Amino acid sequence: MGDLNAKVGSGEVPGVIKPYGLGVRNERGESFIEFCQEHELVVTNTLFKHHPRRLYTWTSPAHTPDHIVRNQIDYIAINSRFKNSIKSAQTYPGADINSDHNPVVVKMCYNLKKLRKTKIICRPDIRSIKHPDKRVKASNAINRWVEENFNTTASVEKVNHALVRTITDINETILGQTHHNKRQQWMEGEILDLMEERRLIKKFDPHAYNALNKLIRRKIRAARSKFYEDKCVRLEELNTKHDSFNLHKEIKEMAGLRKRTNRNTLVDDSGNVLLDIESKKSTWKLYVEEMFADATRRITVTPGNETGPPILRAEVVKALKRAKTGKSPGPDQIHVEILQLIEEHLVDAVTNFFNCIYATGIMPKDWLISTFITLPKKPTAKKCTEYRTISLMSQVLKLFLSIIHLFSLNVLVQKCRDLQTDVIICFVDYEKAFERVKHEVLMRKKSQ
């Protein structure tokens, strides 16, 4: 900032001027200081103590060796936030710049933010399955695969790979991928197409543009009204089912009350903050291994057929209907919404697939792979024990386990009824209770 004829002088003003200026402050200097205070600026010329010949920026024509007239009227001001980046500020009287003013040079050291390429994670747009056209196409594709594999004699591994490939094709060719944009959820494809048409005719036909604009507004009002009506119906259904978790989740999404929690801070057992990704991974690896460790576990194979009655078709149908939608898939990216499109007369193929696994005890390798995600129990979570670990497993495996669970519960209730004993279901809040189950002891007690 130059040619202001403002002299800030050597007096200090907190936050704006340091006591290393030159001369006596004048009225224009007061105005300049007020300007800097309003805009949170710091005058760098006054930050460092220098000889007066390194401070003056202009020499008066009345200057003589006997009568020295040197003023500081040119300044470099910077936002107070970056004050610490200034390392030096001074003038160079001997510079040949064809001007009666001396240049003011500032040395600054500023740490620029490292730009990191965001890794785009491609996820199938499972919400688009609600559209009638996509739902019909996805249903035809999955049912066509079931018909082709109805009487297959292939191994469990091959059937599972074929199922994963089929659903992957459905995700890529029919459902598409999720797009992170800021448009409202009720902005459907028809409205977006009309907006594109409106953009094209804006310069050529004003009357058609206005008519199309009115049509778009009517469409938006109708779509928004239908969207909120469907949301209210969904909330009433969840309230009727006493599903408080998904009820509050839907309400938070509508109200925009999602809280961002800090999940980057992690410390080791010694309290040292972990900064790099590899050290965080190794810490989580040791924690999970310790959590699942069981020194008493001995895997033994007992001869004989200990399987019970086969899985029934009705049990598979019931499990498909009871499966919760909107859940995150496992590593195979299979959503239960696609499995629910299988028609009832084709469920026998799924039943045979489950019975083959149940009879042989051989599971697909993809079922044994899961993804762990961590959710902080409190906003200030730093230790691994202060996080809740959730395992994202295959939705087909969850369907299979739900059938086993329903069967086991029915057998338990029937046995207790025959023996005229009470069914005792006890919920104990142990730390990481599910992960620390001693399976060998459990099976031994079950055989007794």
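Each residue of the sequence shown is one higher than the one before, starting from 193 at the first, in my numbering.
In this text, a Cβ means the ideal position worked out from N, Cα and C, and glycines have one as well.
None of the values given here were measured: they were computed from a predicted structure.
With a CB to CB cut of under 8 angstroms and the five nearest residues on each side skipped, what residues in its chain are close to residue i?
i             : result
histidine 242 : Tyr212 and Gln282
glutamine 532 : Leu512, Lys513, Ala515 and Thr517
leucine 589   : Gly522, Met555 and Trp559
cysteine 608  : Asp614 and Val615
leucine 466   : Leu458, Val459, Asp460, Lys472 and Thr475
lysine 569    : Glu578, Tyr579 and Arg580
lysine 423    : Glu442 and Met446
If you check the beta carbons only, do residue i and residue j fall under 8 angstroms apart?
i                 : j                 : result
glutamate 507     : phenylalanine 599 : yes
tyrosine 248      : asparagine 237    : no
valine 235        : lysine 275        : no
phenylalanine 227 : serine 280        : no
leucine 367       : isoleucine 318    : yes
arginine 426      : threonine 370     : no
isoleucine 534    : valine 338        : yes
arginine 505      : valine 528        : no
tryptophan 250    : aspartate 288     : no
glutamate 232     : serine 272        : yes
valine 351        : phenylalanine 545 : yes
valine 348        : cysteine 548      : yes
isoleucine 526    : glutamine 587     : yes
Which same chain residues end up closer than 7 angstroms to residue i when comparing Cβ atoms and leaving out the 5 residues on each side of it in sequence?
i                 : result
lysine 305        : none
glutamate 204     : Lys210 and Pro211
phenylalanine 224 : Leu196, Ala198 and Val200
cysteine 645      : Given that the chain is displayed from residue 193 to residue 640, the structure contains no residue 645 and the question cannot be resolved.
arginine 245      : Pro285
asparagine 431    : Leu439
alanine 254       : Val261
asparagine 602    : none
Return the residue from the list the options that minimises the CA-CA distance to residue i.
i              : options                           : result
glycine 381    : Pro398, Ile408 and Thr360         : Ile408
proline 521    : Pro398, Ile334 and Ile561         : Ile561
lysine 557     : Lys423, Asn544 and Met585         : Met585
glutamine 376  : Gly448, Arg327, Asn438 and Leu439 : Gly448
threonine 457  : Leu567, Leu439, Thr543 and Asn332 : Leu567
asparagine 218 : Ser331, Ser202 and His259         : Ser202
cysteine 301   : Thr370, Ala346 and Ile278         : Ile278
isoleucine 565 : Asn544, Cys424 and Lys473         : Lys473
alanine 269    : Pro253, Val297 and Ala254         : Val297
valine 542     : Ile260, Pro257 and Ile334         : Ile334
isoleucine 383 : Ala400, Lys411, Lys395 and Glu364 : Lys411
glycine 500    : Tyr550, Asn544 and Gly463         : Tyr550
tryptophan 378 : Asn341, Lys418, Pro398 and Ser347 : Lys418
valine 216     : Asp258, His259 and Ile265         : Ile265
aspartate 325  : Asn464, Glu429, Thr365 and Asp435 : Thr365
In or out: residue i buried (at least 16 other Cβ within 10 Å) or exposed?
i                 : result
proline 643       : Since the first and last residues shown for the chain are 193 and 640, residue 643 lies out of range.
leucine 591       : buried
isoleucine 554    : exposed
phenylalanine 437 : exposed
threonine 358     : buried
tyrosine 420      : exposed
threonine 345     : exposed
alanine 573       : buried
asparagine 294    : buried
leucine 214       : buried
asparagine 332    : exposed
isoleucine 617    : exposed
isoleucine 595    : buried
isoleucine 321    : buried
asparagine 341    : buried
With a threshold of 6 angstroms on Cβ separation, who are the neighbours of residue i within its own chain once the five nearest residues in sequence on each side are excluded?
i              : result
valine 356     : Asp524
glycine 496    : In this prediction, glycine 496 scores a pLDDT of 49, lower than 50, which makes its location untrustworthy; the coordinate-derived value is nonetheless stated afterwards. Closer than 6 angstroms at Cβ, skipping near neighbours: no residue.
glutamine 229  : Val208
isoleucine 582 : Ile565
isoleucine 393 : Ala400 and Tyr401
glutamate 429  : none
aspartate 397  : none
With 8 angstroms set as the bound, which would you pick, yes or no: does the beta-carbon of residue i sit closer than that to a beta-carbon of chain D?
i             : result
glutamine 377 : This model lacks chain D altogether; it includes just one protein chain.
Below 8 angstroms on the Cβ atoms is my contact criterion, and I expect residue i with residue j to pass it. Report the Cβ-Cβ distance as a whole number of Å.
i              : j             : result
isoleucine 362 : alanine 403   : The pair is not a contact, with the Cβ atoms about 39 angstroms apart (cut-off 8 angstroms).
valine 509     : glutamate 536 : 6 angstroms
asparagine 405 : arginine 390  : 6 angstroms
At a cut-off of 7 angstroms, is residue i close to the ligand HEM when judged by its beta-carbon and the heavy atoms of the ligand?
i             : result
aspartate 361 : Judged by which ligands are present, the structure shown has none, so any question about the ligand HEM falls away.
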